[in-house]
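Line by line, the protein sequences are chains D and H. Following this note's numbering, the numbering of the first sequence begins with -19 at its first residue and continues without gaps. Following this note's numbering, the numbering of the second sequence begins with -19 at its first residue and continues without gaps. Note that CB positions come from ideal geometry on N, CA and C, so glycine has one too. Notes for the one structure printed next.
2 protein chains.
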Amino acid sequence: MGWIDLDSRACSIARTLEIVGDRWTLLILRDVFNGVRRFADLQRHLGIARNVLTQRLTALVDAGILVRIPYREPGTRSRHEYEPTDRGHELLSVLLTIIAWGDRHLADASGPPVHVRHTACGADVRLVPVCEAGHAIKSASEVLIEPGPGARPARRSSSVSSQMD
Amino acid sequence: MGWIDLDSRACSIARTLEIVGDRWTLLILRDVFNGVRRFADLQRHLGIARNVLTQRLTALVDAGILVRIPYREPGTRSRHEYEPTDRGHELLSVLLTIIAWGDRHLADASGPPVHVRHTACGADVRLVPVCEAGHAIKSASEVLIEPGPGARPARRSSSVSSQMD
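Quick look at the structure:
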């Protein structure tokens, strides 16, 4: 059974993208990871419409990726800021791979707009693909994405394949 | 100067998401990496509208991530299939981090829907964050995203910060 015979939606990529597969959502996460956590600050920094920001933040809270924390400045009403949960923090790895690709292929002459550093020593951080047997992976051609135990056949795979033959 | 004072668009995340920051685009890349490369096959497997698929594939070709390769089956007109370029192949790392997050947090009781394997030895592949000095990174709190040489101040940062004070 090939990839095309499997249900396109029963996939960890499809499920994750249901939550974060939208440009604004990943930019919101980028800002929250960088300490921009209040609604008004996010709105201004991103240049995003209020209703879109509200909808995306609510979805991230509902998905357990951000939590809303109330705060109050003297003389103003109570407001909220947004902090990543543990599972939210784990999405940093997605942003790191996006940064690495953008730095390599889309930086202008002035160089990469961001550095990702190890706080303890200041050295640049990167994600290295390795296999559980300890081999370093040198290229994408050494990697195979295969159906796992949670894969499901595509609903109409039989009629579809007969159309194809 | 904090993150909020920097131009939100002069960022490798924002630039990369201009190209791939859309659920369909990443699902198309997933299928192409898995060998689903013909228009009709992509359309059927993804359940995507023709015009949306055409638009996304054209954008991926224009961005140098996919190339169109003509093919012809006997008795039919010439058609195209899509293959990742070298820079396209490098986006596999983004998909690997998305798979890892989804497998960990969104798999149902039957287990992860996909396995990512090293073709040479069959062992599972994962991305390990390390710094250039050789330290393993244990948690997101050990990582700092900082402005690099290509960062730009936000356009209206002065008036914005005075409004905030």
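*Quick one: does I49(H) have its CB under 8 angstroms from some CB of chain D?*
no
*Show which residues of chain H have a CB atom less than 9 angstroms away from the CB atom of P127(D).*
P93, V94, H95
*Can you pull the DSSP bridge partners for P129(D)?*
According to DSSP, which records beta bridges pairwise, P129(D) is partnered with nothing at all.
*With distances taken between CB atoms, is the gap from I(-7)(H) to L(-14)(D) smaller than 8 angstroms?*
no
_Which of helix, strand or coil DSSP assigns to G114(H)_ = coil
*Determine the DSSP secondary structure at E53(D), reduced to helix, strand or coil.*
coil
*asked:* Does any residue of chain D have a CB that is nearer than 8 angstroms to the CB of V140(H)?
replied: Legend: pLDDT at V140(H) = 39, less than 50; position of this residue unreliable, no value from coordinates given.
*Among D83(D), L86(D), E112(D), V94(D), the one whose alpha carbon lies nearest that of V96(H)*: E112(D)
_Simplified DSSP state of D145(H), which is helix, strand or coil_ = Reliability fails at D145(H), whose pLDDT of 30 lies under 50, so the model's placement of it is uncertain and the value that follows must be treated cautiously. The answer is coil: DSSP assigns D145(H) none of H, G, I, E or B.
_Is there a C-beta anywhere in chain H that falls below 8 angstroms from the one on P109(D)?_
yes
*asked:* Does L124(H) come out as helix, strand or coil in the three-state DSSP assignment?
replied: strand
*Assess, as a yes-or-no matter, whether the region 30 to 45 of chain H is touched by the region 91 to 111 of chain D under the definition of 3 or more beta carbon pairs within less than 8 angstroms.*
no
*By Cβ distance, which residues of its chain are closer than 8 angstroms to P148(H), with the 5 residues on each side in sequence left out?*
For chain H, the structure presents residues -19 to 145; residue 148(H) sits outside this window and is missing.
*Just mark G128(H) as buried or exposed, buried being the case when its beta carbon has 16 or more other beta carbons within 10 Å.*
buried
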